[in-house]
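In UniProt numbering, the protein residues as written are 1 to 131.
Take a look at the structure:
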């Protein structure tokens, strides 16, 4: 199991460049929205993904941020069953942001705010960029 950091920002392209400079990191696996902002961008340092950045919608500050924090703990499990098991427990009394699903970079993932107010992103090992 690995732990990662995910941040949600307005201005993801600028944020990626900023954090690349700050940490001398490389852009790893990434998926862009049609407007060129990042749906998902991983930053790589010392051959490890250490930070993921996602663009938020216009309603983030007024509607989403009061309910969900701008940062989450990302847990990368070894397999789908482990994700599903953790999700089953963490979802008890939780605010489900997005239920278990498949995304371009993950065959099984979900995010939620647990009953203690902690924002979790649960996933299986993520896809690597195409070479």
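Every residue gets a Cβ at the ideal spot worked out from N, C-alpha and C, and that includes glycine.
In this text the structure is predicted, and so the values were computed from the model without any measurement.
Asked, Found
"What number of angstroms, rounded off, separates the C-alpha of residue 11 from the C-alpha of residue 39?", "11 Å"
"Output needed for residue 131: all residues of its chain with C-beta closer than 6 Å, excluding positions within five of it in sequence on either side, in chain order.", "With a pLDDT of 48 at residue 131, under the threshold of 50, the modelled position of this residue cannot be trusted, and the question is left open."
"Among 105, 109, 89 and 121, which has the Cα closest to the Cα of residue 30?", "105"
"Could you tell me if residue 57 is buried or exposed, where buried requires 16 or more neighbouring beta carbons within 10 angstroms of its beta carbon?", "exposed"
"DSSP three-state call for residue 23: helix, strand or coil?", "helix"
"What does the alpha-carbon distance come out to for the pair residue 103 and residue 84?", "15 Å"
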